[in-house]
Each structure stands twice: as C-alpha cells, then as structure tokens.
C-alpha cells in the first residue's frame, strides 16, 4: 500500500528515474518503429522454428491457473492479458499486464507449477509452446535462447519499474505513469497511441496500482482537467492522449517539491 513518507524519502531517486523515462519519447518515432520491426521479426522466428499451437481467446478466458502443473509457455500474438494472484484474505490482486510479444508462464519454471492466473482481457491469440520443446529447439537454433532470455529480462525490468512506481509515486502520478506505460507499450507494437481503449475497469486499475476506485477516478479527472488526456464521448474507457511525453511531465510536476513558505 502507498506510503506518503516513502514518496518524500524516495523523491530524489524517483525524479531521476522519471527523468530518464521522460527522455525516451524524445528519441522519436524511430525508436518505436525499430521495436515494432524487432517484434515482427521475433514473432516470425518463433512461428517458424517452434510451430506453436495457436489458440484464440476471448475476454475472461483463463490461460492457466495458479497451482496448475507447468508444462507450457505462452507467447502473446494479439490481445491484452492480466496476471492475477490471490491475496491472503482471498481477494484477487492484479499483479501484471501483458501485451503482444510478451510471454506468460515464466513463474511456473522454478516450482513446476504456475503461481498465478493468466486471464484474457479481450479477444486475442496465444501461441502455446512446450517448455521442453523450446529447450530442445534452442540447441539447434541459439537465436531462440536469446529471444527467451530477452523476454525474461524484459519482464524482470518491467516488474521492477512497476514496483518503483507503486511504492514511490503519489496517486495522480501513478495513474499518469500507468497511462504512459500503456501508450508506449502500444507504440512499441506499432499501434496507435493518440487514442487508447483501456481494457480494465476503474476498480481493476485501482487494484493494480494499489488505489481505491475513487482515487483513480479523481486522478483521471485531474489529468483531463489539465488537458493531458481527453475522454472520447462514446465511453470513459476510450482515452485520447495528445502527447505521451506530457504524461511523464505531469509525473515530474507531481514530484516537484512544494515552494518554500515565506516566514
């Protein structure tokens, strides 16, 4: 749960963390285009070398459940997915979001069973790959092992960034950073970012960010009031983002120290 004193103590480090990420959009569209091309090449390699089983899923479909025996990894070819754990009191906790090109199932490798649920948030396609088949194919095609390690490294890095955001950012900034991550994830996959459809309810977003539904709604309203985002008339899940870098700038403003009071 969010701790205000932790935010103040971690503000200098977090300012550097956000500043580094804020500079990323300024690198230009070329960065996202390279990432998009790399994703296409990677998906093609996996398709040719592994011949995965293709599975079409719909919103609410469970890919695997906590406790289920591990045997497969799942590569996302389209759609949006969430990773869900059960808290100690039995409540569902959203602990991860996955997009095209991400992998599911790494959590099952060590203990030989999955430790969480993976659930589709809309219609999509999952490629099912036997873990044993992947290891065997990697002996003949070292590039597959590199793809596997890259996917794991990317997940570790994102989990670290998410923890940093949740533990140190104030509420409004957490929502802004969440939208920035969603938009940049779409950009890296060659998808439009000026208008996005959130596949989560306000309650689910709050669950993921450690906030109440009311806090999420207030944060979104402030972002809209500050012209950082706009809501499309047809639904409150459809959000226009005129400038993704404005979301990073908003986060930095939230972290800026308050001006000293005159004595």
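In my numbering, the protein residues as written are 58 to 320.
Don't be surprised by glycine CBs; every beta carbon is placed ideally from N, CA and C.
Computed from a predicted structure; not experimentally measured.
- Excluding residues up to 5 positions away in sequence, 171, 172, 173 lie with their Cβ nearer than 7 Å to the Cβ of residue 164 in the same chain.
- Its chain contains 253 as the residues whose beta carbon lies nearer than 7 Å to that of residue 239, once the 5 sequence neighbours on both sides are disregarded; these appear in chain order.
- Under a 10 Å Cβ-count criterion, residue 103 is classified as buried, with 16 or more other Cβ atoms of the shown protein chains found around its own Cβ.
- Less than 8 Å separates the beta-carbon of residue 287 from that of residue 297.
- Two segments are said to touch when three or more pairs of C-beta atoms, one from each, lie closer than 8 Å; by this definition the segment 224 to 236 does not touch the segment 191 to 205.
- Rounded to the nearest whole angstrom, the C-alpha separation of residue 237 and residue 124 is 33 Å.
- The DSSP assignment places complete alpha helix (DSSP H) segments of no fewer than 4 residues inside the segment 184 to 238 at 188 to 197, 199 to 225, in order along the chain.
- A check of alpha carbon separations from residue 141 across 127, 270, 120, 306 identifies 120 as the nearest.
- Among the bridge pairs identified by DSSP, residue 245 is matched with none.
- A residue is called buried once 16 or more other Cβ atoms fall within 10 Å of its Cβ, and residue 129 is buried on that count.
- A direct Cα-to-Cα measurement between residue 285 and residue 313 gives close to 17 Å.
- Taking each of 246, 248, 257 in turn and checking the Cα distance to residue 235, the smallest one comes out for 257.
- Straight across, the Cα-Cα distance linking residue 100 with residue 188 is about 17 Å.
- Beta-bridge partners assigned by DSSP to residue 297: 252, 287.
- Contact annotation: residue 96 and residue 246 have beta-carbon atoms nearer than 8 Å.
- The C-alpha of residue 219 is placed about 11 Å away from the C-alpha of residue 267.
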